[in-house]
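What follows is one structure encoded as structure tokens, with my remarks underneath.
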RNA sequence: GCUGCAGUAGCUCAGCUGGUAGAGCGCAUCCUUGGUAAGGAUGAGGUCACCGGUUCAAAUCCGGUCUGUAGCUCCA
């Protein structure tokens, strides 16, 4: 007999050789039906794999990330099986699960495959599901693996096998299809009840542009048909919320070929929105002891040679600007930090001056590959809500905590209810690509981990994701339809203080090196606004929206009164506009609803007579009449609830 | 940067296999002066992204450029 420990801590006795599926059956029929894979001693494996020693076992379902990824990974095999039957002789690359679904990279040879073939492929996949063909693992020697795939001319698989060590190679058979695969997989295809091919895209073999380009088939699958339908609705919703579309419709920003690609132009309404965000953050930062600075948009090349950025990114940057007479070289600034280091150096610093927190909404310019540009989320000119905190090593943790508080305040005010954090540490197996001493790295990494613990922040640790100059903490938010976006960041930097020779005089009268912390709660104003647009679908919170109200005069006769009312409301710190078109009231309401004005204020003979407004809330309808003062109070109250 | 796809009025798009351009919305003017999601009439707007080629003839076919887009690679 062996002891099996379940996640709740309970220990159960089983015969040696028990399978996870047996264990699931022992718990409940329902669980046995829904279980997809099992995590045995932290290793995910198939439900039919016998357990021969004392183990901890977690049964994985669709609700577990690992259950889901197993489901999708098996779906990738299902896709491959279907494709092989439809297109004999195609060559397979890799087929992993991804965040939303899975893909398979395929060399289709002479076959022409397009999205018009999707229905046919989906149909074939569902036929294979019906067949209930078992999927079985088998371990093979390297020689055998090479022979199997070599005979079939599967050049990509052969290359993969060549990189593997003998004794670690496994195959998975499902009917006529055999794949090189680490696994694990479902027992058979039958839990897959719905599949949908999403799109086709080119993808270089092993991500290398000098190697052949394969066709990547993206798809997603679900255990219930209904979940697929919901997913497709979500995709539609995402399309509707696309910030590029809403930005155009609402007149927030634009691009111009003449100005240049990747260079966003902020229109009056977008500028209003962005400035309001900046003011909001500035006020919080003031409370937290930040000092605002401003620095030029270009800087001497030597500044970036000293900072190390020239070495690291110079080749991938805009070319230097040169002066006509002297030939001096300047760079469009890609970073604000070197400028801020100069501010630090402007005066001798004492330990009593630290932490010094310098903040700047600094516009930076980076040459991004043209294929990378995307709306406001990836641009060549953007404004960071940047700040650099210069502090003593013993202050790092406290400063981290303070920045985390600022980020919390912001996320709350913008109703990003769900956020998570990622701690990026260096790759312990390859420490040479980082600058700075081992000791400093260890200290900084520890400070971040401890700060997260103290704030009770759930943070995922990722090794090898750190920047070359220091570890960092990134914040991810989930938007209203469940998509994850990376926003704010806090990064420790032991490198720049070293390179710029920054110092302070300690209480011991000796010179010491400060630590620098880069932080940007929004990240970039452009990207943040894009995420905010998609999160809210253009229905911004009242405190932020460019127009809080629109006055709709019932007829042209009341335009003068509407103008007076607008001025009156503006005196009470509200902002809005008037629809002065010669249209009927129903039409004005419809247009204002579609334009997402939060409040519509209807003024006709009745309201003017009694000095009131008919208030209508976007999406909610008529709220009845009220005095302008009461309307202002209503808005004031709603704003104070989030701020 | 690489590969695929696309570019027609301010916006969304139609225009089959070549015969020199259309709708809806928006905009302007006029009529209408209205009561909680589209009142009516009239009108203006396009070098069909740009450059070149094929052709009697190109929005349409071919090549190149630019821009957008889906991915790949990259991201201080």
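Residue numbers (the working numbering): 180 to 822.
A virtual CB, placed ideally from N, CA and C, is assigned to each residue, including glycine.
Predicted model only: the values in this text are computed from it and were never measured.
Given a cut-off of 8 angstroms on the beta-carbon distance, is the pair residue i and residue j in contact?
{"i": "residue 400", "j": "residue 380", "result": "no"}
{"i": "residue 396", "j": "residue 258", "result": "yes"}
{"i": "residue 453", "j": "residue 704", "result": "yes"}
{"i": "residue 761", "j": "residue 767", "result": "no"}
{"i": "residue 485", "j": "residue 678", "result": "yes"}
{"i": "residue 514", "j": "residue 488", "result": "yes"}
{"i": "residue 628", "j": "residue 539", "result": "no"}
{"i": "residue 665", "j": "residue 639", "result": "no"}
{"i": "residue 432", "j": "residue 426", "result": "yes"}
{"i": "residue 700", "j": "residue 460", "result": "yes"}
{"i": "residue 554", "j": "residue 423", "result": "yes"}
{"i": "residue 363", "j": "residue 197", "result": "no"}
{"i": "residue 517", "j": "residue 483", "result": "yes"}
{"i": "residue 614", "j": "residue 647", "result": "yes"}
{"i": "residue 499", "j": "residue 508", "result": "yes"}
{"i": "residue 697", "j": "residue 491", "result": "no"}
{"i": "residue 270", "j": "residue 286", "result": "yes"}
{"i": "residue 307", "j": "residue 255", "result": "no"}
{"i": "residue 369", "j": "residue 311", "result": "yes"}
{"i": "residue 215", "j": "residue 185", "result": "no"}
{"i": "residue 634", "j": "residue 599", "result": "no"}
Select from the options the residue whose C-alpha is nearest the C-alpha of residue i.
{"i": "residue 438", "options": "451, 326, 560 and 493", "result": "560"}
{"i": "residue 213", "options": "220, 203, 219 and 222", "result": "203"}
{"i": "residue 861", "options": "513, 638, 243 and 537", "result": "In this structure the chain extends from 180 to 822, so residue 861 is not present and cannot be described."}
{"i": "residue 641", "options": "633, 418, 635 and 650", "result": "650"}
{"i": "residue 233", "options": "209, 769, 417 and 195", "result": "195"}
{"i": "residue 690", "options": "384, 529, 735 and 541", "result": "529"}
{"i": "residue 501", "options": "421, 510 and 495", "result": "510"}
{"i": "residue 572", "options": "695, 648, 546 and 597", "result": "695"}
{"i": "residue 707", "options": "663, 392 and 681", "result": "663"}
{"i": "residue 672", "options": "623, 817 and 712", "result": "623"}
{"i": "residue 715", "options": "751, 686, 659 and 756", "result": "659"}
{"i": "residue 786", "options": "412, 478, 312 and 803", "result": "803"}
{"i": "residue 390", "options": "684, 736 and 338", "result": "338"}
{"i": "residue 820", "options": "591, 304 and 403", "result": "591"}
{"i": "residue 548", "options": "709, 231, 586 and 495", "result": "495"}
{"i": "residue 463", "options": "769, 788, 434 and 584", "result": "584"}
{"i": "residue 712", "options": "282, 311 and 456", "result": "456"}
{"i": "residue 643", "options": "619, 822, 674 and 608", "result": "608"}
{"i": "residue 469", "options": "582, 562, 361 and 377", "result": "582"}
Tell me residue i's beta-bridge partners as DSSP assigns them.
{"i": "residue 684", "result": "529 and 690"}
{"i": "residue 216", "result": "239"}
{"i": "residue 190", "result": "184"}
{"i": "residue 803", "result": "794"}
{"i": "residue 782", "result": "732"}
{"i": "residue 494", "result": "Answer is none; residue 494 lacks a bridge partner."}
{"i": "residue 510", "result": "478"}
{"i": "residue 599", "result": "655"}
{"i": "residue 270", "result": "286"}
{"i": "residue 569", "result": "535 and 695"}
Under 7 angstroms from any heavy atom of the ligand GDP, does the C-beta of residue i make it?
{"i": "residue 553", "result": "No copy of the ligand GDP appears in this structure; indeed no ligand is present at all."}
Three-state secondary structure (DSSP) at residue i?
{"i": "residue 730", "result": "strand"}
{"i": "residue 226", "result": "coil"}
{"i": "residue 766", "result": "helix"}
{"i": "residue 319", "result": "coil"}
{"i": "residue 474", "result": "coil"}
{"i": "residue 233", "result": "coil"}
{"i": "residue 871", "result": "Nothing in the structure corresponds to residue 871, since the chain is present only between 180 and 822."}
{"i": "residue 647", "result": "coil"}
{"i": "residue 385", "result": "helix"}
{"i": "residue 736", "result": "helix"}
{"i": "residue 702", "result": "coil"}
{"i": "residue 435", "result": "coil"}
{"i": "residue 559", "result": "coil"}
{"i": "residue 450", "result": "helix"}
{"i": "residue 372", "result": "coil"}
{"i": "residue 714", "result": "helix"}
{"i": "residue 309", "result": "helix"}
Okay, do the stretch 567–580 and the stretch 718–737 touch, 3+ Cβ pairs below 8 angstroms being the bar?
-> Taking 8 angstroms as the limit for Cβ pairs, the verdict is that the stretch 718–737 does not touch the stretch 567–580.
Is it a yes or a no for the stretch 334–342 touching the stretch 287–300, going by three-plus beta-carbon pairs under 8 angstroms?
No: the two stretches stay apart, fewer than three of their Cβ pairs being nearer than 8 angstroms.
Q: Examine the Cβ distances between the stretch 731–744 and the stretch 766–785 and report whether three or more of them are shorter than 8 angstroms.
A: Contact check between the stretch 731–744 and the stretch 766–785: three or more CB pairs, one atom from each, fall below 8 angstroms, which counts as touching.
Exercise. Examine the Cβ distances between the stretch 318–325 and the stretch 343–356 and report whether three or more of them are shorter than 8 angstroms.
Key: Contact between the stretch 318–325 and the stretch 343–356 is established, with three or more Cβ pairs separated by less than 8 angstroms.
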